[in-house]
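Since the structure comes first, as structure tokens, the remarks are kept for the end.
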Amino acid sequence: MTKTVRNLLLAVLALLPATVAAAPSGEALAFTCAGCHGTDGSSVGPSMPSIAGMDPEVFVDAMKAYQADKRNATIMNRIAKGYTAQQLEDMAWFFARQRLHLVPQKYDAALAARGKILHDKHCEKCHENGGRPGDAGTLAGQWMPYLQHTMDDFMSGKRDWPRKMKRKVDAAIAEDGKQAIPALIHYYASQH
Amino acid sequence: MTKITRRDFIRSAGGVAALGAGLGFPHLALGAARRVVVVGGGVGGCTVAKYLRKLDPTLAVTLIESKTAYTTCFMSNEVLSGERTLESITFGYDGLRRHGVDVVTDTVVGIDPVKKTVATAGGREFGYDACVVSPGIGFKWDAIDGYDESVSETITHAWNAGPQTRILRRQLQAMRQGGRVIIVAPPNPFKCPPGPYERASQIAMYCKYHNPRAKIIILDAKDAFSKQGLYVEGWTKLYGYGSGNSMIEWVGAAAGGTVESVDPSTLTLQAEIEAFQGDVVNIIPPQKAGAIAFAADLVDGDWCPVDKRTFESKRYKDIYVLGDAASAAKMPKSAYAANSQAKVAAAAIVARFLGREPGDPTFVNTCYSVVGEDFGISVAAVYTLDAAHNSIEEIPNSGGVSPANASPEIRKREVSYAHSWFKNVINDMME
Ligand SMILES: Cc1cc2nc3c(=O)[nH]c(=O)nc-3n(C[C@H](O)[C@H](O)[C@H](O)COP(=O)(O)OP(=O)(O)OC[C@H]3O[C@@H](n4cnc5c(N)ncnc54)[C@H](O)[C@@H]3O)c2cc1C
């Protein structure tokens, strides 16, 4: 009970504007993303990732990487550069509070089953709960074409691997060969 | 912040949202719900209706739209190439009804800013506390000699997607081998600045397979156009642009591209320097705000002046004008712009009802064009309000067009982004 009250207070405090100077609210900023990422960040477009429920730190890190042209973006880098660090933070908190709505996708059950084994062994430690929103990027239920683009970028060196991730992916590929990446993608697609 | 507080925050967020909504009800105690009437069920109108209900579920929101379903202009050029059907870009209003919006099929013929009522062709009257007008564009029928609304049934504009899009598609299919398509592009400002050039591209995409000796000539009233460098790059790679054998030819204003008159019986266009005769002619006339904006006296010249903080009309209080009809430079007349402006207006209206000052607005525009198979390009911008000049300004060092000479992989991704954007923007405006 007291913990709940404390959390509520914290949350209310976080909702108050961080600075006195007038500026668009986190909500207003986040609303502009919906044209591409769906209402409140639940995407229905297969190449656009869902960002609802995303961990705020993961969101800010991603946007800063786009600002620095450190991801193989076509368009996000150009858009990310329009925001201040504070605005990114405000948007991040807005999306963190949104419930993620996922759209069922077609996947190959046999591949997904294999993917689950690979995930449990190599990926679960960072992408907890089958890759549900958490301290690392959301994978569970994420769109397959988006996951494919992301993996292509890691594999071709167009995006830097997060700490330890390359070793883990290499291990999964050593285990299952060419099938490893598709298996993982089909597994995540099955997790909505 | 430590990780623990971050997580606690997210867990407790549901409770806070409920608390916030609870605080947002003061006017309920005062009696009847506030009424917002939205005129036009296109991008701006649908988005504002949905977001008004989302921001304050106690509002009574009525959307009045002439048609029973909305056919999007965006992606309608893909109907011309045969990549998609007209049905695949047509959407009903049940999604908005599920959000509690009262959707009425009727045409608005007048708005009384004093009595605060909206009158329809069907003889009904709707009272409002706030009225949002997003009627899109109208055409200047007197701009090209010989071209008027009745002629447009055969020499189409196809600039409001629907039956005309289908006619133009059939004309392309019926064209003789080696025939000539002429597209007349309008002067600025007009709906969808890259649209005529995407249209030429999509027609070329069709002809490449079905009519490989066909020519597409764009007669332009301008000397430059949106994403020009990228279009030229795509046309050069895909359609031989610049070679003696190019499928697409662009004639800008300086080269005599401005069209003065048309002879519908011979499909001949008199441009400034020479005459052009086509087998299929598509004339996109100069544009102005939709008719209701003129009937309701919301215009100053061709477009509707607005306060860029709220999109409230500069001419009448409590009337808001969005999207193509509004004078919202530097934002282009695009679906993304209308969608972005609608959220700013919705938040401003809700704030006003609560007796608060509207917050600072923020806007985004992105616009994709599919130049050909696996070849997509885009333009993006993030904007902020310059309150002192009542103007919307691009944030320096952000936005811009796709990189030149990008890899085939990136161009292909942009096509998939274009189609994903389409799904998300429809979802955000009316699902
Ligand atoms: C070929 C083409 C391609 C395009 N591609 C893109 C793109 O890729 N990306 C992009 O962002 N934009 C694109 N656009 C632009 C986009 O379609 C418009 O900018 C957008 O639709 C503007 O929204 P709006 O609400 O102002 O008007 P509209 O969407 O045109 O909606 C206006 C609505 O109001 C209704 N209406 C008008 N008057 C009345 C009345 N008196 N009573 C009742 N109802 C009324 C109309 O029937 C219509 O449904 C494209 C446009 C064209 C022509």
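Going down the list, the sequences are from chains A and B.
Its first residue numbered 1, the first sequence is counted upward by one per residue in this note's numbering.
Its first residue numbered 193, the second sequence is counted upward by one per residue in this note's numbering.
Yeah, the Cβ is synthetic: ideal placement off N, Cα and C, and Gly gets one too.
Check, Outcome
"My output table needs one value for residue 142 of chain A: the three-state DSSP class, helix, strand or coil.", "coil"
"Quick one: is the Cβ of residue 555 of chain B within less than 7 Å of any heavy atom of ligand 1?", "no"
"Can you say whether residue 469 of chain B is buried or exposed, counting buried as having 16 or more other CB atoms within 10 angstroms of its CB?", "exposed"
"Helix, strand or coil: how does DSSP classify residue 471 of chain B here?", "coil"
"Hey, is residue 517 of chain B close to ligand 1, as in C-beta under 7 Å from one of its heavy atoms?", "yes"
"I'd like to know whether the C-beta atoms of residue 60 of chain A and residue 89 of chain A end up nearer to each other than 8 Å.", "yes"
"My assumption, with CB atoms under 8 Å, is that residue 144 of chain A sits in contact with residue 46 of chain A. Please give the rounded CB distance.", "7 Å"
"Less than 8 Å between the CB atoms is what I'm expecting for residue 415 of chain B and residue 444 of chain B, so what's the real figure, rounded?", "5 Å"
"Identify which residue in B:561, B:258, B:455 and B:238 has its Cα closest to the Cα of residue 190 of chain B.", "The structure shown does not extend to residue 190 of chain B, since chain B spans only 193 to 623, so no value can be given for it."
"In whole angstroms, what is the alpha-carbon distance linking residue 418 of chain B and residue 394 of chain B?", "16 Å"
"What span of residues does the alpha helix (DSSP H) with residue 613 of chain B cover, start to end?", "600-622"
"Is it buried or exposed for residue 239 of chain B, if we count other Cβ within 10 angstroms and need 16 for buried?", "buried"
"Is residue 351 of chain B near ligand 1, with its Cβ less than 7 Å from a heavy atom?", "yes"
"Taking the continuous alpha helix (DSSP H) assigned at residue 357 of chain B, which residues delimit it?", "355-366"
"Within the 8 Å Cβ cut-off, does residue 145 of chain A reach chain B?", "yes"
"Let's see if you can read the secondary structure: which residues bound the beta strand (DSSP E) around residue 480 of chain B?", "479-481"
"Measure the CB-CB distance between residue 494 of chain B and residue 480 of chain B and report whether it falls below 8 Å.", "yes"
"Give me the residue from A:73, A:80 and A:74 with the minimum Cα distance to residue 67 of chain A.", "A:80"
"Regarding residue 359 of chain B and ligand 1, is the C-beta to nearest heavy atom distance less than 7 Å?", "no"
"Can you name the residues of chain A whose CB is closer than 8 Å to the CB of residue 525 of chain B?", "Those within 8 Å of residue 525 of chain B in chain A number zero; the least Cβ separation is about 15 Å."
"Give a yes or no on whether 8 Å exceeds the smallest Cβ distance from residue 563 of chain B to chain A.", "no"
"Identify every residue that forms a DSSP beta bridge with residue 576 of chain B.", "B:554 and B:585"
"Starting from residue 61 of chain A, follow the alpha helix (DSSP H) in both directions and report where the run begins and ends.", "56-67"
"To be precise: take each residue of the segment 568-587 of chain B, compare its Cβ to all Cβ atoms of chain A, and keep it if any distance is under 7 Å. Which residues remain?", "570, 572, 574 and 587"
"When you compare the CB positions of residue 459 of chain B and residue 358 of chain B, do they come within less than 8 Å of one another, or not?", "no"
"Given that residue 617 of chain B touches chain A, what residues does it touch there, using C-beta distances under 7 Å?", "35"
"Would you verify that the beta carbon of residue 132 of chain A is, or is not, closer than 8 Å to some beta carbon of chain B?", "no"
"Is residue 81 of chain A close to chain B? Criterion is C-beta to C-beta, closer than 8 Å.", "yes"
"To be precise: take each residue of the segment 36-52 of chain A, compare its Cβ to all Cβ atoms of chain B, and keep it if any distance is under 7 Å. Which residues remain?", "36, 37, 38, 39, 43, 44, 45, 46, 47 and 48"
"Give the DSSP-derived three-state secondary structure of residue 265 of chain B in the structure shown.", "coil"
"By Cβ distance, which residues of its chain are closer than 7 Å to residue 316 of chain B, with the 5 residues on each side in sequence left out?", "298"
"Any heavy atom of ligand 1 inside 7 Å of the beta-carbon of residue 231 of chain B?", "yes"
"I believe residue 233 of chain B touches residue 328 of chain B by the beta-carbon criterion, under 8 Å. Please report the beta-carbon distance rounded to the nearest angstrom.", "Residue 233 of chain B to residue 328 of chain B, Cβ: 10 Å. No contact."
"Below 8 Å, can you find three or more Cβ-Cβ pairs linking the segment 283-295 of chain B to the segment 241-254 of chain B?", "yes"
"Can you find the residues in the same chain that come closer than 7 Å, C-beta to C-beta, to residue 467 of chain B, ignoring five residues on each side of it along the sequence?", "460 and 461"
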